[in-house]
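Peer 1: I am attaching a structure below and will ask some questions about it afterwards.
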Amino acid sequence: MSITPYRVLVGPEGYLPPAAASRGILLPEKGEALIEGAIVPEEEAMQAIATKLLSAKNPFFFPGPQLLWDWKEGVALKAQAVKKLADLAGARVIPMPDYRPKYPMINPAVEINPNHPNLTIWHNKIDVCVFIGVHCHYANMALKIIRGGTSCYTIALCGEAGHEDAMISLCCMGMPELARLTEIIQSMKGEQAA
Amino acid sequence: MSIKVIKPTAAFASLLPTEYLELVADGPYASPKTINDLGTFKEIIAEHPHCAGCGVALGVRLTVASLPAPADTLIVGTAGCSFFGLAQAALNYSCSAFGNQNAVASGLKRMLKIRYPDTDKDVVVLVGDGGIADIGLDLTLHSWFRREKIATIMVDNEVYGNTGGQESGMTQEGQVLNMAPKGKNFAKIPVFELARVSGCVYGARVTVASPKKIGRVVRKAILLAREVGPTYVQIYTPCPTNFKFPPQQTINIAKKAEEGYYSFQEFISDDAQAYWEKNFASSTM
Ligand SMILES: Cc1ncc(C[n+]2csc(CCOP(=O)(O)OP(=O)(O)O)c2C)c(N)n1
Ligand code: SF4
Chain E
1 MSITPYRVLV GPEGYLPPAA ASRGILLPEK GEALIEGAIV PEEEAMQAIA TKLLSAKNPF
61 FFPGPQLLWD WKEGVALKAQ AVKKLADLAG ARVIPMPDYR PKYPMINPAV EINPNHPNLT
121 IWHNKIDVCV FIGVHCHYAN MALKIIRGGT SCYTIALCGE AGHEDAMISL CCMGMPELAR
181 LTEIIQSMKG EQAA
Chain G
195 MSIKVIKPTA AFASLLPTEY LELVADGPYA SPKTINDLGT FKEIIAEHPH CAGCGVALGV
255 RLTVASLPAP ADTLIVGTAG CSFFGLAQAA LNYSCSAFGN QNAVASGLKR MLKIRYPDTD
315 KDVVVLVGDG GIADIGLDLT LHSWFRREKI ATIMVDNEVY GNTGGQESGM TQEGQVLNMA
375 PKGKNFAKIP VFELARVSGC VYGARVTVAS PKKIGRVVRK AILLAREVGP TYVQIYTPCP
435 TNFKFPPQQT INIAKKAEEG YYSFQEFISD DAQAYWEKNF ASSTM
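Protein sequences appear in the order of chains E and G. My numbering puts the first sequence at residues 1 to 194. My numbering puts the second sequence at residues 195 to 479.
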């Protein structure tokens, strides 16, 4: 019997892609990260994120409720750092303020909803996206839908255990990690300009 | 819930869709609202997708505007037309599998009591007649037998509206519907009477033709459920689509029903009456 290891690659993978966890993709430990299903050192994944963002045609950040609403100490500062990072990477921002399905439909030009994230991606022709501040179960659901139906490259900057359903995922993302990623993007931009 | 939870972070405030900003500025949280304030605050996130003249949509709006403490209220819903409005209401909302609402609400109420021992958290079930009288009847009755401190509100359109017009237990005898071509062959299930004998300390039966009454009874049901025991409100919410009447007739139809088989009714237990008199006798509502 041959077993081909499952890779979390850019889609469209087709209707109902499997949960990456069910295909043996494990979550990283602190200091590690995931690139397309493989565990790598965090620094390597940050470099890969910077490369992806800076070479994207139309990158977007999707901040979730944990960053959009000022619900606890430290969130406002983190939101500021994320906005700075997005600006530096030349990415635009579309918020995910609500997880509930919205009827008749969301306005894909101004928001993204985890139940049909493909609408926002198709409408805005997004080729690389970054999830941040989205609660884990909704992020995984949306990441799977994106992998299933679009050709968008997904990146998750997760404050918790990471997202095996994203193509690149960091875990334990706090202020120091945000600062390091910002620094990498800054220096990569400098090199590109030079 | 702290009002802070719905304050946008400065970095992203300008990127939030306008309706969320309006929700923060004009939502029901900051100061208490009543039915009389409807139209002056934002109780729903977007235009709702109900049919024109939908009685359920009106019943949901009137209920939402009657909550004594919206920021500390958790609405529990289930499948059905009532779900659509709630999915966009400016409230904490939890959707349960069809019929499970009173079991889910019981668990949430107990959990909230443990998590927030010093704050009153109101758990309110807001569900259609099919969800309560048919598939969820056992779980509803058992929550009442157990004296769970939750308010149950039925938006009764006398049909499975959302799935195209099957009869529900609350459909009137003889009523012909899209998917009941021979007419229903038994009477409305007496859920209101069942509430009285199953442990509810307060019950009210109203129609959307009487918004102020809805305001009064919903508030009373929630405040009594907080301290005394389970309560039940049954609101007649006519459905123009399945009963094939013009949308502008909804209120007239509700009014007519109120003059006949859907007359206003109320019951209250001695305990609840004593508690009400002690705590809210001077209340204007
Ligand atoms: C377990 C389960 N069975 C059936 C359904 C399909 N279903 C969705 S809504 C509905 C009827 C809802 O009727 P009612 O509670 O009267 O609400 P209304 O739509 O009339 O407001 C049904 C049967 C479901 N969602 N789940
Ligand atoms: S089918 Fe009836 S209850 Fe459902 S949205 Fe339409 S009018 Fe309202």
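Built from N, CA and C at the ideal position, the CB exists for glycine as well. These numbers come from a predicted model, not from an experiment.
Straight-line CA distance for residue 131 of chain E to residue 173 of chain E?
Peer 2: Their Cα atoms are separated by approximately 12 angstroms.
Peer 1: What first and last residue would you give for the alpha helix (DSSP H) that runs through residue 200 of chain E?
Peer 2: In this structure chain E extends from 1 to 194, so residue 200 of chain E is not present and cannot be described.
Peer 1: CA-CA distance, residue 368 of chain G and residue 155 of chain E?
Peer 2: 58 angstroms
Peer 1: Go through its chain and collect everything with a Cβ distance to residue 235 of chain G's Cβ below 6 angstroms, but skip five positions before and after it.
Peer 2: 220, 222 and 227
Peer 1: Answer yes or no: does any C-beta atom of chain G fall closer than 7 angstroms to that of residue 30 of chain E?
Peer 2: no
Peer 1: Within the chosen definition, does the stretch 269–285 of chain G reach the stretch 417–430 of chain G through at least 3 CB pairs nearer than 8 angstroms?
Peer 2: no
Peer 1: For residue 99 of chain E, decide whether its Cβ has a neighbour in chain G, counting only Cβ atoms nearer than 7 angstroms.
Peer 2: no
Peer 1: Examine chain G for any beta-carbon lying closer than 7 angstroms to the beta-carbon of residue 76 of chain E, and answer yes or no.
Peer 2: yes
Peer 1: Nearest by alpha-carbon distance to residue 394 of chain G: which of G/418, G/408 and G/213 is it?
Peer 2: G/418
Peer 1: Quick one, what's near ligand 1 if you take every residue whose CB is closer than 6 angstroms to any heavy atom, in chain order?
Peer 2: Result: G/250, G/273, G/274, G/275, G/276, G/291, G/292, G/322, G/323, G/324, G/325, G/351, G/353, G/354, G/355, G/356, G/357 and G/362.
Peer 1: Suppose the cutoff is 8 angstroms on Cβ atoms and the five residues either side in sequence are ignored; what does the same chain contact list for residue 1 of chain E look like?
Peer 2: Annotation note: pLDDT 48 at residue 1 of chain E (below 50); position unreliable, coordinate value reported separately. Cβ neighbours of residue 1 of chain E within its own chain (closer than 8 angstroms, five residues either side excluded): none.
Peer 1: Is it buried or exposed, residue 169 of chain E, if we count other Cβ atoms within 10 angstroms and call 16 or more buried?
Peer 2: buried
Peer 1: Using three-state DSSP, classify residue 180 of chain E as helix, strand or coil.
Peer 2: helix
Peer 1: Might you give, ordered along the chain, the residues of its own chain that have their beta carbon closer than 8 angstroms to the beta carbon of residue 215 of chain E, omitting 5 neighbours on each side?
Peer 2: No information on residue 215 of chain E is available, as it lies outside the stretch 1 to 194 that chain E covers here.
Peer 1: Let me know the secondary structure DSSP gives residue 244 of chain E once reduced to three states.
Peer 2: The structure shown does not extend to residue 244 of chain E, since chain E spans only 1 to 194, so no value can be given for it.
Peer 1: Would the stretch 337–354 of chain G count as touching the stretch 409–418 of chain G if we require 3 or more Cβ pairs under 8 angstroms?
Peer 2: yes
Peer 1: Can you give the Cα-Cα distance for residue 11 of chain E and residue 135 of chain E, rounded to whole angstroms?
Peer 2: 23 angstroms
Peer 1: Rounded to whole angstroms, how far is the Cβ of residue 256 of chain G from the Cβ of residue 409 of chain G, which I believe are closer than 8 angstroms?
Peer 2: 7 angstroms
Peer 1: Does ligand 2 have a heavy atom nearer than 6 angstroms to the CB of residue 435 of chain G?
Peer 2: Correct: residue 435 of chain G has its Cβ closer than 6 angstroms to ligand 2.
Peer 1: Is there at least one non-hydrogen atom of ligand 2 closer than 6 angstroms to the beta-carbon of residue 242 of chain G?
Peer 2: The nearest non-hydrogen atom of ligand 2 is 6 angstroms or more from the C-beta of residue 242 of chain G.
Peer 1: Give the DSSP-derived three-state secondary structure of residue 1 of chain E in the structure shown.
Peer 2: The predicted position of residue 1 of chain E is uncertain, since its pLDDT is 48 and thus under 50; no value can be drawn from it.
Peer 1: I want to know whether the stretch 204–219 of chain G touches the stretch 307–321 of chain G - three or more CB-CB distances under 8 angstroms.
Peer 2: no
Peer 1: At a CB distance below 7 angstroms, what residues from the stretch 198–225 of chain G approach chain E? Give them in sequence order.
Peer 2: With the criterion set as a beta carbon lying under 7 angstroms from some beta carbon of chain E, the members of the stretch 198–225 of chain G are 198, 199, 200, 201, 202, 203, 204, 205, 206, 209, 210, 211 and 214, in sequence order.
Peer 1: On the three-state DSSP scale, how would you describe residue 121 of chain E?
Peer 2: Helix.
Peer 1: Taking only the alpha-carbon atoms, compute the straight-line gap between residue 476 of chain G and residue 397 of chain G and give it to the nearest angstrom.
Peer 2: The alpha-carbon atoms of residue 476 of chain G and residue 397 of chain G are separated by roughly 21 angstroms.
Peer 1: Leaving aside the five residues before and after residue 66 of chain E along the sequence, list all residues of the same chain whose C-beta is less than 8 angstroms from its C-beta, in chain order.
Peer 2: 75, 133, 134, 135 and 159
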